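The UniProt record's numbering numbers the first residue of the sequence shown as 1 and each following residue consecutively. C-beta: ideal position from N, C-alpha, C; glycine also. Bear in mind that the values here come from a model prediction, so they are computed numbers and not experimental data. Written out below as structure tokens is the structure these notes cover.
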Amino acid sequence: MTKIKSKPMNDFTKEQLETLAAEGQVIDVRSKLETIFGKVKGAHHLPLTKISTFDGPKNKTYYVYCASGQRSMNACRTLSQRGYTVVNLAGGIGSFKNK
């Protein structure tokens with residue numbers, strides 16, 4: 001079983017997350033509707049229901065978030081099983097926005 005790393009989303013600054021997103025390393029697994037309430041600029045939007053279609057390069061670490069951290073953990077499991085290095089952004093965007 002692959003160990004999935006978690007890091008609190010609010011440990012990152014807005015600028016750090018946007019830099020990672022610009023490098024294609026941030027994945028938002030919320031629904032399209034949820035993204036109207038805020039998102040990380042440049043993040044790749046791929047709802048949890050479609051995470052199995054992700055085909056990014058495997059030589060990067062991907063930071064995955066949702067609203068609270070639960071769906072992103074599920075997405076991380078799926079991606080990890082497919083050979084990706086992932087970090088679950090615990091607490092989700094809700095914790096980040098309230099920072």
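Proximity below 7 Å, CB of residue i to CB of residue j
i     : j     : result
Ser52 : Val64 : no
Gly56 : Gly91 : no
Ile4  : Cys76 : yes
Asn10 : Ser80 : no
N-terminal and C-terminal residue of the alpha helix (DSSP H) that residue i is part of
i     : result
Asn88 : Taken as a continuous stretch (DSSP letters only), Asn88 belongs to no alpha helix (DSSP H), being part of the beta strand (DSSP E) at 85 to 90.
DSSP-derived helix/strand/coil call for residue i
i     : result
Thr13 : coil
Ser95 : helix
Lys50 : helix
Ile4  : coil
Cβ neighbours of residue i in the same chain (closer than 6 Å, five flanking residues each side left out)
i     : result
Lys60 : Gln25
Ile27 : His44, Leu46, Tyr62, Val64
Phe37 : none
Contacts around residue i, its chain only, beta-carbon distance under 7 Å, and the 5 residues preceding and following it disregarded
i     : result
Asn74 : Leu48
Glu18 : Val40, Lys41, Gly42
Lys7  : Val87, Leu89, Ala90
Leu20 : Val26, Tyr63
Close Cβ partners of residue i (< 8 Å) along its chain, the five nearest in sequence each way excluded
i     : result
Thr35 : Asp28, His45
Host beta strand (DSSP E) of residue i (start-end)
i     : result
Ile27 : 26 to 28
*alpha helix (DSSP H) runs wholly inside the segment 55 to 89, at least 4 long, in chain order*: 70 to 81
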